[in-house]
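One line per chain: the protein sequences are A and B, in this order. Read in the numbering used here, the first sequence has 31 at position 31, and its numbers run on one by one without any break. In short: position in the second sequence from 1, add 118, done, that's the numbering used here. Each residue gets a CB set at the ideal place from its N, CA and C atoms; glycine is no exception. Notes follow once the structure below has been shown.
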Amino acid sequence: NAGVTQTPKFRILKIGQSMTLQCTQDMNHNYMYWYRQDPGMGLKLIYYSVGAGITDKGEVPNGYNVSRSTTEDFPLRLELAAPSQTSVYFCASSPTGTSSRIGKNIQYFGAGTRLSVL
Amino acid sequence: ILNVEQSPQSLHVQEGDSTNFTCSFPSSNFYALHWYRWETAKSPEALFVMTLNGDEKKKGRISATLNTKEGYSYLYIKGSQPEDSATYLCASINAGNMLTFGGGTRLMVKP
Chain A
1 NAGVTQTPKF RILKIGQSMT LQCTQDMNHN YMYWYRQDPG MGLKLIYYSV GAGITDKGEV
61 PNGYNVSRST TEDFPLRLEL AAPSQTSVYF CASSPTGTSS RIGKNIQYFG AGTRLSVL
Chain B
119 ILNVEQSPQS LHVQEGDSTN FTCSFPSSNF YALHWYRWET AKSPEALFVM TLNGDEKKKG
179 RISATLNTKE GYSYLYIKGS QPEDSATYLC ASINAGNMLT FGGGTRLMVK P
């Protein structure tokens, strides 16, 4: 059972380049999320999706775009990479969203993508 | 945007010591609190999900309590072992469907 799979694991970009971070899950989860982790800052939510065709901004969406054409896939796109986007990116999914009536739907994380923009 | 804070930021203990750390969160519009354990080079894994004031959860030597009225949760580790070394993250969820993480407490247990 693969769970949440992220690719690539590592990437170095030059300033101004673009790239797509891939995320796929095989648990048929409705909700998917993208976070970035900066040292000492915990995880910051970039974008999230409550289902195929629906996306919404999180706390730090600037410089990123997402799409959700299928339940399984939630790619994150960086159009013009900047040094401030150097971070570790985590994708996560949960069955029906974290504010379900009983609040028990935990997040399942991918292994992360370490991105450096130089 | 919620402001979730964890203290201390890092903690060094000897093997066998018991320890605890704190997560504080806004008590208004509270919905649920999650604790995650995050080992180096791995992804965060859920430890506990807590929703009710006074909740206590336990998993082996690790336990957590929740006070939603004053907005804090404690995580306790009894008899720390080197394999407990990790970053412990808490995250608060409000009715607006957003999960907000604290900065984490990095625990290092020396053998």
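With fewer than 16 other beta carbons inside 10 angstroms of its own, isoleucine 12(A) counts as exposed. Listed along chain A, the residues sitting closer than 7 Å to glycine 222(B) by beta-carbon distance are Gly42. If you draw a straight line from the Cα of tryptophan 156(B) to the Cα of tyrosine 206(B), it comes to about 6 Å. Distances from the alpha-carbon of alanine 204(B) to those of Lys160(B), Thr186(B) and Ser142(B) put Lys160(B) closest. Short of 8 Å from the beta carbon of serine 136(B), and not among the five residues preceding or following it, lie these beta carbons of its own chain, in chain order: Tyr194, Ile195, Lys196, Gly197 and Ser198.
Where lysine 14(A) is concerned, there is no enclosing beta strand (DSSP E), because DSSP gives it neither an H nor an E. When only Cα atoms are considered, valine 167(B) and histidine 152(B) end up about 5 Å apart. In the three-state reduction of the DSSP assignment, glutamate 123(B) falls in the strand class, which pools E and B. Excluding five sequence positions before and after glutamate 163(B), the CB atoms of its chain that fall closer than 7 Å to its own CB belong to Tyr154 and Arg155, given in chain order. Close partners of serine 142(B) in chain A (Cβ separation under 7 Å) are lacking, with about 13 Å as the shortest Cβ gap.
For glutamine 22(A), the enclosing beta strand (DSSP E) has its first and last residue at 19-25. Within the same chain, and ignoring the five residues on either side of threonine 71(A) in sequence, the residues whose Cβ sits closer than 6 Å to its Cβ are Ala52.
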